[in-house]
Amino acid sequence: MIATDSHRPQPFSARLAAGLIPLLALAAMCLWNGPAAADFRLCNNTSSRVGIALGYKDAEGWTTEGWWNVSSRACETLLRGTLVARFYYIYALDYDRGGEWSGQAFMCSRDNEFTIKGTENCLARGFDRTGFFEVDTGEQPSWTVQLTESSDQAPQQPLQSRVPMLQTPPATGRPSPPAPPSRSKN
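Numbering (my numbering), first residue to last: -16 to 169.
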């Protein structure tokens, strides 16, 4: 019997390479896909456009940022990446029907786009003093807040829990500002 090339045993190195190619391709696909994005998002499940301000504490201290304009029935990423804190704070304005979602965690804000470091002496520093509501993420790496309303009422205020700052009575009669420029975090 005469052996042909098609029946000749392959050298070990060729068999090893043939076995490794599918494994390397699989590993490359896993690395390419990577883990899911971990972000802090807000979904506006109302029939109105809303303005969002966000407060949080990171390694540098307290920061408040705004404004993100979120259309009706839309979502927006407020912070990208793995969350660095358990508690985040939201203040939201209903641009179309009036009203707000607020709370007893007082932080600094302003009518125009802002990033403010610190929560103390807001008025003395030329900022507004605004009550934010607390969001407990349970130390999850990502979180989405669902902003809702009942069909026949103005926006409802969420229940409050722990507040990191001294609690004082909220300011009364604060008018809602016009829709500020949209803020984009890329």
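Using N, Cα and C, we set each Cβ at its ideal position, and we do this for glycine too.
query = Are the CB atoms of L66 and Q123 nearer to each other than 8 Å?
reply = Position 83 of the sequence shown, counting from 1, holds the residue named residue 66. Position 140 of the sequence shown, counting from 1, holds the residue named residue 123. In this structure, Q123 lies closer than 8 Å to L66 by Cβ.
ask   = Leaving out the 5 sequence neighbours to the left and right, which residues in its chain are closer than 8 Å to A57 when beta-carbon positions are compared?
value = Counting from one through the sequence shown, the residue named residue 57 turns up at place 74. Within the same chain, A57 has close Cβ partners C26, N27.
ask   = Do G49 and S85 have their C-beta atoms closer together than 8 Å?
value = Reading the sequence shown from its first residue, position 66 is the one you call residue 49. Reading the sequence shown from its first residue, position 102 is the one you call residue 85. No, Cβ-Cβ distance for G49 and S85 is not below 8 Å.
ask   = Near L42, which residues of its chain fall below 8 Å by C-beta distance, leaving aside the five closest residues on each side in sequence?
value = Numbered from 1 along the sequence shown, position 59 holds the residue referred to as residue 42. Note on residue identity: the sequence assigns Ala, not Leu, to residue 42. The answer, listed in chain order, is V67.
query = Are there 16 or more other CB atoms within 10 angstroms of the CB of G64, so buried, or fewer, so exposed?
reply = Residue 64 sits at position 81 when you count from the first residue of the sequence shown. By the 10 Å Cβ count, G64 comes out exposed.
message = Classify N52: buried if its beta carbon has 16 or more other beta carbons within 10 angstroms, exposed otherwise.
response = Here residue 52 refers to the residue found at position 69 of the sequence shown. N52 should be labelled buried.
message = Distance check for K40 and K100, CA to CA, integer angstroms please.
response = In the sequence shown, residue 100 corresponds to position 117, counting from 1. In the sequence shown, residue 40 corresponds to position 57, counting from 1. Answer to the nearest angstrom: the Cα atoms are 10 Å apart.
request  = Please confirm whether Y71 and L37 have their CB atoms less than 8 Å apart.
outcome  = The residue labelled residue 71 in the question sits at position 88 within the sequence shown. The residue labelled residue 37 in the question sits at position 54 within the sequence shown. Against a cut-off of 8 Å, the Cβ pair of L37 and Y71 comes out as a contact.
ask   = Residue ranges of each alpha helix (DSSP H) run of no fewer than 4 residues wholly in the region 31 to 77, ordered along the chain?
value = none
query = C105 by DSSP, collapsed to three states: which one?
reply = The residue given as residue 105 occupies position 122 in the sequence shown. The three-state reading of DSSP puts C105 in coil, since its state is none of H, G, I, E or B.
request  = Report buried or exposed for P18, applying the criterion of at least 16 other Cβ atoms within 10 angstroms of its Cβ.
outcome  = Counting from one through the sequence shown, the residue named residue 18 turns up at place 35. Its pLDDT being 46, under 50, P18 is placed unreliably by the model, and nothing is read from it.
task = Could you pull out every residue in the same chain whose Cβ sits closer than 7 Å to the Cβ of A75, ignoring the five residues on either side in sequence?
result = Position 92 of the sequence shown, counted from the start, is the residue given in the question as residue 75. Counting only Cβ-Cβ distances below 7 Å, and skipping sequence neighbours, we find V33, G34, I35, E83, W84, L130.
inquiry  = Taking the straight line between their C-alpha atoms, what separation do you get for I73 and F116?
reply    = Within the sequence shown, numbered from 1, the residue matching residue 73 stands at position 90. Within the sequence shown, numbered from 1, the residue matching residue 116 stands at position 133. Answer to the nearest angstrom: the Cα atoms are 5 Å apart.
ask   = Just to confirm, are W45 and T102 a CB contact at a threshold of 8 Å?
value = The residue labelled residue 45 in the question sits at position 62 within the sequence shown. The residue labelled residue 102 in the question sits at position 119 within the sequence shown. A contact, by the Cβ cut-off of 8 Å.
request  = Going by CA-CA distance only, name the one from R69, R24, T47, F23 that's closest to D119.
outcome  = Walking along the sequence shown from the start, residue 119 turns up at place 136. The option with the nearest alpha carbon to D119 is R69.
message = The beta strand (DSSP E) that contains A88, what's its start and end?
response = The residue labelled residue 88 in the question sits at position 105 within the sequence shown. First-last of the beta strand (DSSP E) with A88: 88 to 92.
ask   = Any idea if S54 is buried or exposed, counting beta-carbon neighbours within 10 angstroms, 16 or more meaning buried?
value = Along the sequence shown, read from residue 1 onward, the residue named residue 54 stands at position 71. Burial state of S54 is exposed, judged by a 10 Å Cβ sphere holding fewer than 16 other Cβ atoms.
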